[in-house]
Each structure stands twice: as C-alpha cells, then as structure tokens.
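Participant: Following the numbering used here from start to finish, the sequence shown increments by one per residue and tops out at 137. My questions all concern the structure below.
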Amino acid sequence: MPLEAGWRVFSPGPGLFLEVLSQRMLGLRHAGEELEIDPVLDPALGTVRASVPLAGGRRADVELVCGSKGHGVAEVSVDGRALDLRPLVNPYREPGAAVRSADLHPGEGTVRLPIGTR
C-alpha cells in the first residue's frame, strides 16, 4: 500500500465549526445537484448573510430574512427572479426546500430567502 511521506497539519476544529454553522444552523446542505435550504434561526437575528460554496468552485451570496417562526422556506429568489423549489419533508416542523445548484448563478445577484414568513 503506497503512502505519502511528510507531515500534514490537520485540525478538525475550524472545519467542524463551519460545517455546523452552514449545515445545521443556516440549513444550507449540498445534496447532489441541489442545494437544500432548511434553516432554523432565531427570528431576532433579522437578516443573515453568507457566502456559500457551490459545485465547481463557484460561490453564491445568500441572504436569509427571518420571519416570526425562523424556519420554513416559502420562496427562493435571485434578484427578484423566483426559482423552482422542491419541498423537503419534515414531520416535526415546517420544512425547507431544495433548489437546483445550476439555477444559482454567481455574480447574478444575491439569493434571497424569506424564512418562516408563511
């Protein structure tokens, strides 16, 4: 079995923190060709902005606008253009939705997500 020689600096702390922040708190998860959006946020946060990595080294600027519930995605838009949603399933609370990653075009504008406004 071939091995690569040398030392590697490995610290799971920063990577683990970013995973928990992006996937658990902001609810932004990659699932194949889709981006699942299923956040649970404190409504007192108001608007949360993040830069999300996409496939192929692209990034999307995302703006999560918290409503009174802090969860549940009713729409996703880029510069006022509504994207097609695939509803997610969650038996315990209002679920999020998934959009095709290909529909998020970097440089086109901010992806706006009203959360918990239904």
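For each residue, glycine too, the CB sits at the ideal point set by N, CA and C.
Threshold first: 4 residues or longer. Then list the alpha helix (DSSP H) segments lying entirely within the region 47-108, N to C.
Facilitator: none
Participant: Is the Cβ-Cβ distance between Val92 and Leu102 less than 7 Å?
Facilitator: no
Participant: Under three-state DSSP, which class holds Ala117?
Facilitator: DSSP, reduced to helix, strand and coil, places Ala117 within a strand of the structure shown.
Participant: Can you check DSSP and say which residues form a bridge with Val130?
Facilitator: Val81 and Val97
Participant: To the nearest angstrom, how far is it from the Cα of Ile56 to the Cα of Gly115?
Facilitator: 5 Å
Participant: Going by the CB atoms, is the gap between Glu82 and Arg131 shorter than 7 Å?
Facilitator: yes
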